[in-house]
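Report on the structure given below.
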Amino acid sequence: MAISSTLTTSFKKELLEAKHNFLASGGNSFKLALYTSSATMGATTTAYSTSQESSGTNYTAGGSALTNINPTSSGTTGFTDFADLTFGTATITARGCMIYNDTNSDRSVATIDFGGDKTSTAGDFTIVFPAAASGTAIIRIA
1 MAISSTLTTS FKKELLEAKH NFLASGGNSF KLALYTSSAT MGATTTAYST
51 SQESSGTNYT AGGSALTNIN PTSSGTTGFT DFADLTFGTA TITARGCMIY
101 NDTNSDRSVA TIDFGGDKTS TAGDFTIVFP AAASGTAIIR IA
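This is how it looks when you write it as structure tokens:
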């Protein structure tokens, strides 16, 4: 079992079909769900699933809503990002996560491997997104 860090193939295709809108105002709602080390996710993942999703205190199945940052560009790269996300006072262990479009049939956007199990015990479990820049944003098209 493994989690790969990637934009999913279905997401790339669905961008060309205009199924994802990342605008901060009027765009789709995106969520982030946490997964255990038993999860298998990667390029072929097409939608959110509860299979092997993490569970624990102050974590709800389906994860939590993300705050969109408006898409922009720099040079020849278009990109978008999200505000950092915290699951407060959580007792949880996760190996990775999935970003998915909660507005549009829970379609997958990206899967991310944390590189090992991450744990919080009655503390904050925080997902820190990289800077919203052409070389670092979580979603980049170059």
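The sequence shown runs 1 to 142 under this note's numbering. Just so it is clear, CB atoms sit at the ideal spot from N, CA and C, and this is done for glycine as well.
Setting aside the 5 residues that flank it on each side, Asp-106 is surrounded in the same chain by Ala-47, Tyr-48, Tyr-100, each with a C-beta closer than 6 Å to its C-beta; the list follows chain order.
Contact annotation: the region 75 to 85 does not touch the region 12 to 20, with fewer than three C-beta pairs closer than 8 Å. For the 8 Å CB-CB criterion, Thr-44 and Thr-9 form a contact. Between Ser-4 and Asp-113, the beta carbon gap of about 6 Å places them in contact (Cβ cut-off 8 Å). In the DSSP assignment, Phe-11 falls within the alpha helix (DSSP H) that extends over 9 to 16. Closest in C-alpha terms to Phe-11, from the list Ala-131, Ala-110, Ala-133, comes Ala-110.
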